[in-house]
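Peer 1:
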Amino acid sequence: MKPVDYPLNALMQITNRPDLVFVKGEGSWLTDSEGRRYLDFIQGWAVNCLGHSPRVIVDALTSQAATLINCSPAFYNEPSTRLAQMIASSSGLEKVFFANSGAEANEGAIKLARKWGGLHRKGAYKIITFDHGFHGRTLATMSASGKPNWDKLFEPKVPGFPKAELNDLASVKALLADDVVAIMLEPIQGEAGVLPASNEFLQALRELTREQGMLLILDEVQTGIGRTGKLYGFEHSGVRPDILTLGKGIGGGVPLAALVASEAVCCFEPGDQGGTYNGNALMTAVGCAVLETVGAPAFLRRVNEASAVLRAGLTALSEKHGLGEVRGAGLLIALELGRDIGAALVEQARAEGLLLNSPRPATLRFMSALDVSDAEIKQMLEGLDGLLARFK
Ligand code: PLP
58 MKPVDYPLNA LMQITNRPDL VFVKGEGSWL TDSEGRRYLD FIQGWAVNCL GHSPRVIVDA
118 LTSQAATLIN CSPAFYNEPS TRLAQMIASS SGLEKVFFAN SGAEANEGAI KLARKWGGLH
178 RKGAYKIITF DHGFHGRTLA TMSASGKPNW DKLFEPKVPG FPKAELNDLA SVKALLADDV
238 VAIMLEPIQG EAGVLPASNE FLQALRELTR EQGMLLILDE VQTGIGRTGK LYGFEHSGVR
298 PDILTLGKGI GGGVPLAALV ASEAVCCFEP GDQGGTYNGN ALMTAVGCAV LETVGAPAFL
358 RRVNEASAVL RAGLTALSEK HGLGEVRGAG LLIALELGRD IGAALVEQAR AEGLLLNSPR
418 PATLRFMSAL DVSDAEIKQM LEGLDGLLAR FK
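Quick note, the sequence shown lines up with residues 58 to 449 if you use the working numbering.
(1) If you measure between the beta carbons of Asn157 and Met340, is that distance less than 9 Å?
(2) Between which two residues does the beta strand (DSSP E) harbouring Arg94 extend?
(3) Can you tell me which of the three DSSP states Glu222 falls into?
(4) Hey, would you say the C-beta of Phe191 is under 8 Å away from at least one heavy atom of the ligand ADP?
(5) Going by the beta-carbon positions, is the gap between Leu273 and Tyr289 smaller than 9 Å?
(6) Which first and last residues belong to the alpha helix (DSSP H) in which Asp431 is found?
(7) Count the other CB atoms, across all protein chains shown, that sit within 10 Å of the CB of Val61; report buried if there are 16 or more and exposed otherwise.
(8) Looking only at its own chain, which residues have a Cβ that is under 7 Å from the Cβ of Pro213, when we skip the five neighbours before and after it?
(9) Would you check if there are 3 or more beta carbon pairs closer than 8 Å linking the region 431-440 to the region 94-103?
(10) On the DSSP bridge assignment, give the partners of Gly12 in chain order.
(11) Unbroken alpha helix (DSSP H) runs of length 4 or more, entirely within the region 334-410: which are they?
(12) Closer than 6 Å by C-beta to Arg407: which residues in its own chain qualify, once you throw out the five before and the five after it? Chain order, please.
(13) If contacts are defined as beta-carbon pairs under 8 Å, then Thr420 and Leu394 qualify, I think. What distance do you get, rounded to the angstrom?
(14) Report, in whole angstroms, the separation of the C-beta atoms of Ala103 and Gly306, which I expect to be a contact under 8 Å.
(15) Is the region 132-143 close to the region 341-352, with three or more CB pairs under 8 Å?
(16) Return the chain-ordered ranges of every beta strand (DSSP E) run that is complete within the region 221-273 and spans a minimum of 3 residues.
(17) Express the C-alpha separation of Ala426 and Pro354 in angstroms, rounding to a whole number.
(18) Look at Gly443 and Glu404 and say whether their C-beta atoms are less than 9 Å apart.
(19) Any beta-carbon of chain C closer than 9 Å to the one on Arg194?
(20) For Ala221, is the classification buried or exposed, using 16 other Cβ atoms within 10 angstroms of its Cβ as the cut-off for buried?
(21) At the level of alpha carbons, what is the spacing between Thr266 and Gly281?
(22) Here's a check: name, in chain order, each residue in its chain whose Cβ is nearer than 6 Å to the Cβ of Pro253, leaving out the five neighbours to either side.
(23) For Gly175, which three-state DSSP category applies?
(24) In chain order, which beta strand (DSSP E) runs of at least 3 residues are fully inside the region 309-335?
(25) If we count the other Cβ atoms within 10 Å of its Cβ and call it buried at 16 or more, is Arg379 buried or exposed?
(26) Alpha carbons only, please: which of Gln100, Lys81, Ser85 is nearest the one belonging to Glu91?
(27) On the criterion of 16 or more Cβ atoms from any shown chain inside 10 Å, does Leu68 qualify as buried, or is it exposed?
(28) Locate the alpha helix (DSSP H) running through Ser137, then write down its first and last residues.
(29) Are the beta-carbon atoms belonging to Glu243 and Leu275 less than 9 Å from one another?
(30) What do you reckon, is the C-beta of Asp188 under 8 Å from a heavy atom of the ligand PLP?
(31) By Cβ distance below 6 Å, which residues in the same chain neighbour Ala249 in space, the five residues on each side in sequence not counted?
(32) Tell me whether the beta-carbon of Ser110 lies closer than 9 Å to the beta-carbon of Gln100.
(33) By DSSP, does Lys168 sit in helix, in strand, or in coil?
(34) Tell me whether Gly107 sits in a helix, a strand or coil according to DSSP, three-state version.
(35) Measure the CB-CB distance between Met271 and Ile240 and report whether it falls below 9 Å.
(36) Buried or exposed, going by whether 16 or more other CB atoms sit within 10 Å of the CB of Pro75?
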């Protein structure tokens, strides 16, 4: 392993990074420049759905790189048209626009809804979003997010995102007005600490938006592509949105995201939407490989088996150490710690070769590779058990 012999401070400090440089990844394991190995239950924040450097992605990248990397979004290319077909037929929504990040896909969803509101709802442009929701870090998606402490950042915000409470229909109804065009939410609020919207709530929102002639937008950047044990998170509730956004898992680690919408809603005209890298052949070839792999019934069956093993293990730890709730779906699971020890626990876990995430001070979130093995889950649980004993 080549040691890193230059300073690490030329990168902008956008987060407090530990003093480690990762140089290699393989499945559920990362290796740093000192040769230390880490069992990774973060996976780039639920991004590497097939783990680190999986063979299918390496093969898709190398064969596509040798064939065609990029032509221009002004021309069709084979992988992007194929991936669009695969997403359209699996989601039941007919049209796809590829983006490079979840925030960009959500920005596109906001633009599409506003354009539709201009055409069909007398200029309605407001989108009801939710407290604690997270939709990205562009100005509009930060404005749409309900992350605590963001309300004062980068003022003035993009207007038009009144906030309701998750799973509280009355709070949504209280915000209805002629200038509201859509409701936008995550089926499970991931960054908020894995807080699921109930199936009943999602079904009520679908009914309400139909009744009011409004759009329903589901941000499945975190919950999409097998993460919850179904290909799309919306399959749990049976609520198909008008607009769906995908990111993270769709690229399995490369920058790829998608804005997906029903034909009836697709009102973009040439010039409204675009971007240099949108539908890039190299990235969409990876998307095809990911979707072919994750979409296989046997793959999703295994995600659900792994989920059951993880849940059972975390529930046992919760009982043993007197902790709180275990919640979530598939391989997006949270454990409530009951005390604000998340950050300290994550740091100690890392020192012991285990990568965990604490999205809230008293919450751990587990986002392993979707093909994590039972042995790896067991190893993580044993490590966590030891840590929890010491954090009494
Ligand atoms: N939407 C949701 C639900 C997310 O979890 C995230 C990222 O965590 C985003 C949007 C933003 O995606 P990106 O970081 O790719 O812009």
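Every residue, glycine too, gets a C-beta built ideally from N, C-alpha and C.
Peer 2: Straight from the coordinates:
(1) Taking the first residue of the sequence shown as position 1, residue 157 is located at position 100. Taking the first residue of the sequence shown as position 1, residue 340 is located at position 283. The Cβ atoms of Asn157 and Met340 sit closer than 9 Å to each other.
(2) Looking up residue 94 in the sequence shown gives position 37. For Arg94, the enclosing beta strand (DSSP E) covers residues 94-97.
(3) Indexing the sequence shown from 1 puts residue 222 at position 165. Coil at Glu222, not helix or strand.
(4) Among the ligands in the structure shown, the ligand ADP does not appear; only the ligand PLP can be found there.
(5) Indexing the sequence shown from 1 puts residue 273 at position 216. Indexing the sequence shown from 1 puts residue 289 at position 232. For Leu273 and Tyr289, no; Cβs fall outside 9 Å.
(6) Reading the sequence shown from its first residue, position 374 is the one you call residue 431. First-last of the alpha helix (DSSP H) with Asp431: 431-447.
(7) Reading the sequence shown from its first residue, position 4 is the one you call residue 61. Exposed is the call here.
(8) Taking the sequence shown and counting its residues from 1, one reaches residue 213 at position 156. Leaving aside the five residues that flank Pro213 on each side, none in its chain has a CB nearer than 7 Å to its CB.
(9) Put simply, the region 431-440 touches the region 94-103. At least three CB pairs are less than 8 Å apart.
(10) Outside the modelled stretch of the chain, which goes from 58 to 449, sits residue 12, for which no answer is possible.
(11) The DSSP assignment places 338-351, 354-378, 399-408 as complete runs of the alpha helix (DSSP H) inside the region 334-410, in order along the chain (cut-off: 4 residues).
(12) Position 350 of the sequence shown, counted from the first residue, corresponds to residue 407. Within its own chain, no residue has a Cβ closer than 6 Å to the Cβ of Arg407 once the five positions on either side in sequence are excluded.
(13) Position 363 of the sequence shown holds residue 420. Position 337 of the sequence shown holds residue 394. About 7 Å separates the two Cβ atoms, so the contact holds.
(14) The sequence position of residue 103 within the sequence shown is 46, counting from 1. The sequence position of residue 306 within the sequence shown is 249, counting from 1. That belief holds up - the Cβ atoms of Ala103 and Gly306 are roughly 7 Å apart, short of 8 Å.
(15) Taking a contact to require three or more Cβ pairs closer than 8 Å, the region 132-143 and the region 341-352 qualify as touching.
(16) Assignment of beta strand (DSSP E) within the region 221-273, counting only whole runs of 3 or more residues, yields 237-242 in chain order.
(17) For the purposes of this step, residue 354 is taken as the residue at position 297 of the sequence shown. For the purposes of this step, residue 426 is taken as the residue at position 369 of the sequence shown. Their backbone Cα atoms lie some 17 Å apart in a straight line.
(18) For this step, residue 443 is matched to residue 386 along the sequence shown. For this step, residue 404 is matched to residue 347 along the sequence shown. No, these two residues do not count as a Cβ contact at 9 Å.
(19) Among the protein chains of the structure shown there is no chain C, as only one such chain exists.
(20) On the sequence shown, residue 221 is found 164 positions in, with the first residue counted as 1. It counts as buried.
(21) Taking the first residue of the sequence shown as 1, we reach residue 266 at position 209. Taking the first residue of the sequence shown as 1, we reach residue 281 at position 224. Thr266 and Gly281 have their C-alpha atoms spaced approximately 22 Å apart.
(22) For the purposes of this step, residue 253 is taken as residue 196 along the sequence shown, with counting starting at 1. Here Pro253 has Ile245 as same chain residues with Cβ atoms under 6 Å from its own Cβ, once five neighbours each way along the sequence are excluded.
(23) Walking along the sequence shown from the start, residue 175 turns up at place 118. Looking at Gly175 - three-state DSSP - the assignment turns out to be helix.
(24) Qualifying beta strand (DSSP E) stretches, in chain order: 314-318.
(25) Your numbering for residue 379 matches position 322 in the sequence shown. In the sequence as displayed, the identity of residue 379 is Gly instead of Arg. It is exposed - the Cβ of Gly379 has fewer than 16 other Cβ atoms within 10 Å.
(26) Locating residue 91 in the sequence shown gives position 34, where the first residue counts as 1. Selected option, being the one with the closest Cα: Lys81.
(27) For the purposes of this step, residue 68 is taken as the residue at position 11 of the sequence shown. Residue burial is scored here from C-beta neighbours: Leu68 has fewer than 16 other C-beta atoms within 10 angstroms and is therefore classed as exposed.
(28) The residue you call residue 137 lines up with position 80 of the sequence shown. Here the alpha helix (DSSP H) through Ser137 covers 135-148.
(29) Taking the first residue of the sequence shown as 1, we reach residue 243 at position 186. Taking the first residue of the sequence shown as 1, we reach residue 275 at position 218. In this structure, Glu243 sits near Leu275, with a CB-CB distance shorter than 9 Å.
(30) By 1-based counting over the sequence shown, the position of residue 188 is 131. Annotation for Asp188 indicates a beta carbon at 8 Å or more from all heavy atoms of the ligand PLP.
(31) To locate residue 249, count along the sequence shown from 1; it is residue 192. Only His189 meet the Cβ criterion.
(32) Numbered from 1 along the sequence shown, position 53 holds the residue referred to as residue 110. Numbered from 1 along the sequence shown, position 43 holds the residue referred to as residue 100. Contact flag unset, no.
(33) Position 111 of the sequence shown holds residue 168. Under the three-state reduction of DSSP, Lys168 is assigned to helix.
(34) Working through the sequence shown from its first residue, we reach residue 107 at position 50. The sequence as given places Leu at residue 107; Gly does not occur at that position. The three-state secondary structure of Leu107, taken from DSSP, is coil.
(35) Counting from one through the sequence shown, the residue named residue 271 turns up at place 214. Counting from one through the sequence shown, the residue named residue 240 turns up at place 183. It is a contact, given that the beta carbons lie within the stated cut-off.
(36) In the sequence shown, counting from the first residue as 1, residue 75 sits at position 18. Exposed, because fewer than 16 other Cβ atoms sit within 10 Å of the Cβ of Pro75.
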